[in-house]
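Worksheet: the structure to be examined is printed underneath.
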Ligand SMILES: Nc1nc2c(ncn2[C@@H]2O[C@H](COP(=O)(O)OP(=O)(O)OP(=O)(O)O)[C@@H](O)[C@H]2O)c(=O)[nH]1
Ligand SMILES: [Mg+2]
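Residue numbers (the numbering used here): -18 to 344.
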């Protein structure tokens, strides 16, 4: 069962998922327009001037209708940044420059308008022409203008194509539903945990920054399917210095709801000393303020007692709730799941809670 997926979130995702594919470059669009024009006039063998004009008009109309509709569809099916949920808006901001994005989409829309205007002018010239040659010249002039217009859009079309490729990697997350957000320094075992508790298969590698995007899996907690979000590793540096990959994790911590799992690697085999991981922990606590957070010490299978104690000492009061696990070996994972269930249950909508109680009591 999908939990509390608001209609607003669904509509956004549908738009993110199905944009009108941008062409590889201006030439692809131009050649497609020429083919439409050729097809539109294929059956019109004309010799008399009126018929010749009709054929040229059909070519112009077919090409301009195709180009303007295509440009408009591309612009309109790209997500409208201002109305996106803040989580998606911030996530997309790591992939696109907002100003460049808006400018480029508005250029596509105005190019669609200009195409129609230029076509109307060309049509008037065709109608006013007094010979076959004049009519053909008016049509050629139209295609010349169309060609330079599309040429001038080349870099914009290329950008849209790149943005669409990036956006296709954005996972289907309902930002209004409770999530389990897995976070921590790089290489500590976040993706290994997602693998251990869901059917998702994120990449796991023995080096930092393997995960470069937010990844979603699903987990049944308290009888309800809950989203589990794996995030890129965080470094201990100010927000202003964070690159796009880290900022994807930040957008999840800032805007998603539910419970966060902060993973420590006290064995330090991740390559980040404990002290460093503790600084990352402090910044995550700030970002996730007011929402439940479960601290986890991973890689218990290779952690010395001395390193484990060092973490417990450094955490002070927070160590009371620390859970030792091995995501790789499955040690302590059931206990962690029970803790997550207890943390998520109060966040579930009242109807869900009611249904679960009913099921438990056999009603
Ligand atoms: N011994 C041991 N190794 C583990 C455990 N969990 C993860 N690892 C190893 O730690 C390395 C990093 O694991 P990942 O799951 O990719 O870590 P991550 O935190 O997702 O890394 P980034 O995405 O790069 O931030 C891999 O070599 C894993 O096999 C564990 O419980 N025990
Ligand atoms: Mg990872």
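We put the beta carbon where it would ideally sit given N, CA and C, even for glycine.
Tell me the DSSP secondary structure of residue i in three-state form.
| i | result |
| --- | --- |
| residue 305 | strand |
| residue 250 | coil |
| residue 201 | strand |
| residue 172 | helix |
| residue 239 | strand |
| residue 22 | helix |
| residue 245 | strand |
| residue 222 | helix |
| residue 59 | coil |
| residue 76 | coil |
| residue 68 | helix |
| residue -17 | The predicted position of residue -17 is uncertain, since its pLDDT is 29 and thus under 50; a value taken from the coordinates is nonetheless stated next. Three-state DSSP puts residue -17 in coil, outside helix and strand. |
| residue 154 | coil |
| residue 190 | coil |
| residue 15 | helix |
| residue 135 | helix |
| residue 363 | Only positions -18 to 344 of the chain appear in this structure, which leaves residue 363 out of reach. |
| residue 327 | helix |
| residue 33 | helix |
| residue 184 | coil |
| residue 0 | coil |
| residue 10 | helix |
| residue 216 | coil |
| residue 232 | helix |
Under 9 Å between the Cβ atoms of residue i and residue j?
| i | j | result |
| --- | --- | --- |
| residue 152 | residue 95 | no |
| residue 162 | residue 48 | no |
| residue 181 | residue 155 | no |
| residue 303 | residue 321 | no |
| residue 39 | residue 14 | no |
| residue 261 | residue 125 | no |
| residue 252 | residue 189 | yes |
| residue 1 | residue 73 | no |
| residue 312 | residue 278 | no |
| residue 244 | residue 171 | yes |
| residue 160 | residue 107 | no |
| residue 103 | residue 122 | yes |
| residue 258 | residue 185 | no |
| residue 308 | residue 200 | no |
| residue 110 | residue 119 | yes |
| residue 318 | residue 202 | yes |
| residue 177 | residue 314 | yes |
| residue 354 | residue 18 | This structure gives no information on residue 354, because the portion of the chain shown stretches from -18 to 344. |
With a threshold of 16 other CB atoms inside 10 Å of the CB of residue i, please say whether the residue is buried or exposed.
| i | result |
| --- | --- |
| residue 247 | buried |
| residue 146 | exposed |
| residue 239 | buried |
| residue 150 | exposed |
| residue 51 | buried |
| residue 12 | exposed |
| residue 271 | exposed |
| residue 64 | exposed |
| residue 167 | buried |
| residue 285 | exposed |
| residue 297 | exposed |
| residue 133 | exposed |
| residue 8 | exposed |
| residue 328 | buried |
| residue 75 | buried |
| residue 249 | buried |
| residue 61 | exposed |
| residue 28 | exposed |
| residue 214 | buried |
| residue 80 | exposed |
| residue 263 | exposed |
| residue 183 | buried |
| residue 32 | exposed |
| residue 82 | buried |
| residue 198 | buried |
| residue -17 | In this prediction, residue -17 has a pLDDT of 29, which is less than 50 and means its spatial position is unreliable; what the coordinates show is noted afterwards. Exposed. |
| residue 232 | buried |
| residue 101 | exposed |
Just grab the DSSP bridge partners of residue i for me.
| i | result |
| --- | --- |
| residue 211 | 163 and 196 |
| residue 45 | Its beta-bridge partners do not exist; DSSP assigns none. |
| residue 110 | Residue 110 pairs with nothing; no bridge assigned. |
| residue 206 | 201 |
> At which residue ranges does the segment 249 to 324 contain complete beta strand (DSSP E) runs of 3 or more residues, listed in the order of the chain?
Replying inline: 274 to 278
> Of all the alpha helix (DSSP H) runs that stay within the bounds of the segment 82 to 130, which reach a length of 4 or more residues?
Replying inline: none
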